[in-house]
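If you read the sequence shown in my numbering, its first letter stands for residue 4, the second for the next number, and so on. For glycine and all other residues, C-beta sits at the position ideal for the given N, C-alpha and C. These notes concern the structure reproduced below.
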Amino acid sequence: GRCASAKAAFLIAQVLFCFIADDVWFYAYHRTLHSTKWLYVRFHKPHHQFTAPFAWTSHAVHPVEMLLQSVGGMLGPMMLALTCGFSLERLWLWFAVRQWQGVFDHTGLD
């Protein structure tokens with residue numbers, strides 16, 4: 004009923020918030036990696052050595068870049084956990100949705 008709809012809407016809002024927080028963080032660090040030559044060469048260039056994107060190239064990153072990605076992935080859940088609550092089940096759902104999105108982004112499909 005009404006309570007279930009409110010819970011679903013709250014879940015969707017939280018996942019959207021996580022995507023926005025992650026995307027803002029991604030833009031900031033990704034732009035920095037591209038605009039600072041030594042950072043690009045040392046940490047980001049290996050990811051761009053793939054000339055034909057396929058799903059698993061989303062995970063072909065330097066450990067430093069993986070750490071940066073992880074900050075973005077945890078930013079939204081941590082902010083929500085500290086303000087309005089974010090259950091372990093929602094965290095696992097967020098991880099699954101985020102991994103799917105990262106893999107899908109590298110399939111070459113528009």
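Beyond the five residues adjoining it in sequence on each side, V100 comes within less than 7 angstroms, by CB distance, of V18 in the same chain, given in chain order. Closest option to L71, judged by alpha-carbon separation, among V27, F53 and T110: V27. Residues G79 of the same chain have their beta carbon placed closer than 8 angstroms to that of I23, with the five preceding and five following residues left out of the count. With 16 or more other CB atoms across the displayed protein chains lying within 10 angstroms of its CB, L83 is buried. For H62, the three-state secondary structure derived from DSSP is helix. G105: member of the alpha helix (DSSP H) spanning L91 to D108, first to last residue.
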